[in-house]
Every structure is written in C-alpha cells, then in structure tokens.
Amino acid sequence: MNDAATDPVSLALQLLDRPAEWPQAAAALYGAAVSWRAPARGLLIEGREAVLAQLHEDARRFADAEQVVLRRVAAGERLIDESVLSFVCPREGIAGVPLIAGDHIELKRTRLLRFANGSIVDELNLETWTVLQCPG
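Structure below.
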C-alpha cells in the first residue's frame, strides 16, 4: 500500500499544493547529492544546501504570483508538475533571464522530479518566460 505518509513521491505531490511552503516542507525530501537544473536560466546547481537556497530564492521571487496548475502527476519514481505563473518581475530581476524590473511575466514551468531511495535526486525545470504586454 502506498501511503502518503511513507511514500515520498505521494508526499511531494501533496506538498506541491503549497508552493510558498515548498522549500521548507519538502527540504527533507531532497537528497544530499541532488542536481537541480533550469536550462532556460543557465542554472545547474548541485548539492542539497545549494538547491534549497535556490528553492527559497525562487519562492521569494514568485510569492505574489498567480498560479494555474495544468498537470500534477506521479508516475513511479517520477513526479511531473506543470503550471503557469503570472507575476511582476521583482526589482532585483531574475538571474539568467533578460527581464526588467516591473515587467509583467508569464512563466510556463514543467518541473520533473526524479526520486531514488526515497529522496529527490534530480529536478529539471523546463521554463518558458514571456513578457506580457500591459494595456496602457
């Protein structure tokens, strides 16, 4: 029986419903040697502490985003989280993305998380960043 309390993939699926809390709530799920990639931003981060720092930074930047979940599914040792976020680019910008503070942004993101031995060992973030035209 796969119980969410003991199955890390199911637990992660539940925790994704609270994106602002994800870095703290899911911290224990990330393995020591996890690899986190966001190719559109040119980011490759290795190691649990560095990945958690990036997750906290993203959560802070996206805190005011409107999020629409397109698909969230677990398949064996993999989890797919596909969503669209709409937000205003923060003053400090977003590393690796040519945006200007105040730009209205739409981020289509597909997160692919791979688990092994009960931990997240790889997270790939496929991102498409679009600057929206605002009326005015």
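Residue numbering for the sequence shown follows the numbering used here, beginning at 93 and increasing consecutively.
Every residue, glycine too, gets a C-beta built ideally from N, C-alpha and C.
| Check | Outcome |
| --- | --- |
| Classify Ala130 as buried or exposed, calling it buried when 16 or more other Cβ atoms lie within 10 Å of its own Cβ. | buried |
| Do you know offhand how far Thr107's Cα is from Leu171's? | In the sequence as displayed, the identity of residue 107 is Leu instead of Thr. If I take the Cα positions, the gap works out to 12 Å. |
| Which first and last residues belong to the beta strand (DSSP E) in which Leu135 is found? | 135 to 138 |
| Go ahead and label Leu162 buried or exposed: buried means 16 or more other beta carbons lie within 10 angstroms of its beta carbon, across all protein chains shown. | exposed |
| Taking 8 Å as the limit between beta carbons, can you name the residues of its chain near Glu158, skipping five residues before and five after? | Leu177, Ser178, Phe179 |
| Pairing CB atoms from the region 193 to 201 with CB atoms from the region 134 to 149, are three or more of them under 8 Å? | no |
| Suppose only complete runs of 3+ residues qualify. What are the beta strand (DSSP E) ranges in the region 142 to 218, listed by chain order? | 158 to 167, 170 to 180, 196 to 208 |
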